[in-house]
Amino acid sequence: MTTVLITGANRGIGLALARHYAGEGARVHATCRRPAAAEELRRLSGDVNIHALDTTHHDEIATLAETIDEAVDIVIANAGIYGPDRSRQSFVELDADTVRMTMEVNLIGTIKTLQAFLPHTRRSQEKKLVAISSKVGSIADASGGAIAYRMSKTALNMAMCCAAYELKGEGIAVGTLHPGWVRTDMGGPNALIDPDESARGLVQVIRDLKPGDKATYKDYKGEDIPW
Ligand SMILES: NC(=O)c1ccc[n+]([C@@H]2O[C@H](COP(=O)([O-])OP(=O)(O)OC[C@H]3O[C@@H](n4cnc5c(N)ncnc54)[C@H](OP(=O)(O)O)[C@@H]3O)[C@@H](O)[C@H]2O)c1
Numbered sequence: 001m002t003t004v005l006i007t008g009a010n011r012g013i014g015l016a017l018a019r020h021y022a023g024e025g026a027r028v029h030a031t032c033r034r035p036a037a038a039e040e041l042r043r044l045s046g047d048v049n050i051h052a053l054d055t056t057h058h059d060e061i062a063t064l065a066e067t068i069d070e071a072v073d074i075v076i077a078n079a080g081i082y083g084p085d086r087s088r089q090s091f092v093e094l095d096a097d098t099v100r101m102t103m104e105v106n107l108i109g110t111i112k113t114l115q116a117f118l119p120h121t122r123r124s125q126e127k128k129l130v131a132i133s134s135k136v137g138s139i140a141d142a143s144g145g146a147i148a149y150r151m152s153k154t155a156l157n158m159a160m161c162c163a164a165y166e167l168k169g170e171g172i173a174v175g176t177l178h179p180g181w182v183r184t185d186m187g188g189p190n191a192l193i194d195p196d197e198s199a200r201g202l203v204q205v206i207r208d209l210k211p212g213d214k215a216t217y218k219d220y221k222g223e224d225i226p227w
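Those letters in the sequence shown? Residues 1 to 227, per this note's numbering, in order.
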């Protein structure tokens, strides 16, 4: 049986991933900040285990990693924020607090989560570490706006590439994946796809991940994204 851990699993893409893996018969460790309020997640059927986790609280990450004392095949660091204020993300107006907060969740929280669960991945059959990144973190895609968000994903991509290089000898595959433009609270109502379509595609891409010199940087359809 495949065991998967997903952060930010109470809504959006994280919830869709949890639903998909649970539907496939996987054991799912689904984390969210407020389990009591995670009604949709709590309604999922299958082997779904819900844990409280704010990924900016590193002590909570460490405690959870101790609590989940089993192999975890796939760790998906999905929790993310766009930034506290969309209007303050131009180069001219960007402020330090916006950058700090975005980096704290999208970069540091993601790295700390993947680090903490690396031992669980090592014990597993599939051995996969995944960050939900974005194609707007691609330097080749840079076109202005959302600078704090973009920087956090660009930095995350670099961290994931370094992780891939360090861990390939252990057979650990690393992905930094773009879920598409998805109709969630973050993606907004005009986005192109729903969370289920994104999750279906991501699960397929994750299935095909292989260890390598660099992380795999693909979208939910399996298309390569230029760095
Ligand atoms: N939607 C898109 O079009 C799109 C495009 C590219 C990339 N992405 C990426 O996809 C991932 C999921 O995005 P989404 O669209 O599903 O966004 P969303 O609907 O806004 O959901 C974000 C999730 O992250 C959680 N989260 C935020 N800060 C957290 C923290 N400090 N600790 C733990 N959980 C935290 C939220 O929990 P709460 O409910 O507690 O706030 C929520 O579960 C993100 O990494 C995002 O950058 C999304």
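Glycine included, every Cβ here is placed at the ideal spot set by N, Cα and C.
**Asked** Does DSSP classify K127 as helix, strand or coil?
**Response** DSSP places K127 outside both helix and strand once states are collapsed to three, so it counts as coil.
**Message:** Taking the alpha helix (DSSP H) that A163 belongs to, which residues open and close that run?
**Reply:** For A163, the enclosing alpha helix (DSSP H) starts and ends at 147-167.
**Message:** I'd like the list of long-range same chain contacts for P189, defined as Cβ closer than 7 Å, with 5 residues on each side in sequence excluded.
**Reply:** R183.
**Message:** Taking 8 Å as the threshold (C-beta atoms), are Y217 and G201 in contact?
**Reply:** No, the Cβ-Cβ distance between G201 and Y217 is not below 8 Å.
**Asked** Can the beta-carbon of D213 be found less than 8 Å from the beta-carbon of Y165?
**Response** Against a cut-off of 8 Å, the Cβ pair of Y165 and D213 comes out as a contact.
**Message:** Considering only heavy atoms of ligand 1, does any lie closer than 7 Å to the CB of A140?
**Reply:** No, Cβ of A140 sits at least 7 Å from all heavy atoms of ligand 1.
**Asked** From R105 to T56, what distance separates their C-alpha atoms?
**Response** Looking at the sequence itself, residue 105 is Val, so the reference to Arg does not match. Inter-residue distance for V105 and T56 is about 6 Å (C-alpha atoms, whole angstroms).
**Message:** What does the alpha-carbon distance come out to for the pair R88 and A146?
**Reply:** Rounded to whole angstroms, R88 to A146 spans 8 Å at the Cα level.
**Request:** Return yes when at least one heavy atom of ligand 1 lies under 7 Å from the C-beta of E222, else no.
**Result:** The question names Glu, but residue 222 is Gly in the sequence shown. With a threshold of 7 Å, the Cβ atom of G222 does not count as near ligand 1, since no heavy atom of the ligand is closer than that.
**Message:** For I81, report the span of its alpha helix (DSSP H) as first-last.
**Reply:** Where I81 is concerned, there is no enclosing alpha helix (DSSP H), given that its DSSP letter is neither H nor E.
**Rounded C-alpha distance that separates T154 from H178** = Each residue's alpha carbon lies about 12 Å from the other.
**Message:** Using the Cβ count rule (16 or more neighbours within 10 Å means buried), how would you classify I192?
**Reply:** The sequence as given places Leu at residue 192; Ile does not occur at that position. Classification for L192: exposed.
**Collapsed DSSP secondary structure at L177 in the structure displayed** = Of the three classes helix, strand and coil, the one that applies to L177 here is strand, per DSSP.
**Asked** Secondary structure at L94, three-state DSSP: helix, strand or coil?
**Response** Three-state DSSP puts L94 in coil, outside helix and strand.
**Message:** Tell me whether P179, by its Cβ, gets closer than 7 Å to a heavy atom of ligand 1.
**Reply:** Indeed, a heavy atom of ligand 1 lies less than 7 Å from the Cβ.
**Request:** Could you tell me the distance, in whole angstroms, from the CA atom of L15 to the CA atom of N49?
**Result:** One C-alpha to the other measures close to 13 Å.
**heavy atom of ligand 1 below 7 Å from L17 C-beta** = No; taking the cut-off as 7 Å, the Cβ of L17 has no heavy atom of ligand 1 nearer than that.
**Message:** At the level of alpha carbons, what is the spacing between S45 and G23?
**Reply:** Distance between the alpha carbons of S45 and G23: 8 Å.
**Asked** Which residue comes first and which comes last in the alpha helix (DSSP H) that contains R27?
**Response** In the DSSP annotation of this structure, R27 is not part of any alpha helix (DSSP H); the continuous beta strand (DSSP E) holding it starts and ends at 27-32.
**Asked** What is the rounded straight-line gap between the Cα of G180 and the Cα of A142?
**Response** Cα to Cα, the separation comes out at about 16 Å.
**Request:** Over the uninterrupted alpha helix (DSSP H) stretch that includes T113, give me the two end residues.
**Result:** Element bounds for T113: 110-116.
**Asked** Are three or more beta carbon pairs between the stretch 95-111 and the stretch 28-39 nearer than 8 Å?
**Response** Because the criterion of three Cβ pairs below 8 Å is not met, the stretch 95-111 and the stretch 28-39 do not touch.
**Item:** Assumed close pair A30, A62 - CB separation to whole angstroms, cut-off 8 Å
**Value:** About 19 Å separates the beta carbons of A30 and A62, which is beyond the 8 Å limit, so they are not a contact pair.
**Message:** Given this structure, state the Cα-to-Cα distance separating D59 from A52, to the nearest angstrom.
**Reply:** Using only the alpha carbons, I get a separation of about 12 Å.
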